[in-house]
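Note that my numbering has the sequence shown beginning at 1, numbered continuously upward.
Positions of the beta carbon are idealized from the N, C-alpha and C atoms, including for glycine.
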Amino acid sequence: MNNMRGRAQRPTLLLEGDAAWVQRELEEAHKTVRSLLRQIDKEQARYKEIARAYELTVANLVTITQENNVLERERDMWRARAERTPAPLVLGSGLLELTSAEISAIRKAIARLHHPDTGGDSERLKAWNATLDTLEH
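Below is the structure:
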């Protein structure tokens, strides 16, 4: 037992062959580290390119969405105009286009003014109604 204690406590001496082996292992470790660092640089560059492409894609999507919204509003405006089918009314040399809601409002206003129950002229009311009837068809 004393022998074992003595061996364990004695410092181990590096032999010349062992130092050369350690040097080669250290060089191999350095090569591996340099190779890993190059791989990390490549992956970081790839990540940066992907991030740049992503940001460009998002910017393009935002622009396209904005343009699409403008086009949808314009389409809805034209559709609403087409569905109302305004009726033309010629006054003098100009052409006046009225929607059915506008014709209805005019009819009510004329009725308030010219209805016989409110003291108006029934003939004038009939003439207005005839004119407004032609505009609604």
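The distance from the Cβ of L125 to that of H114 is about 4 Å, consistent with a contact at the 8 Å cut-off.
Scanning the segment 50-136 for uninterrupted beta strand (DSSP E) segments of 3 residues or longer gives 87-91 and 94-98, listed from N- to C-terminal end. In this structure, L132 keeps its C-beta atom at 8 Å or more from the C-beta atom of R112. Apart from sequence neighbours up to five positions away, no residue of its chain approaches I64 with a beta-carbon distance below 8 Å.
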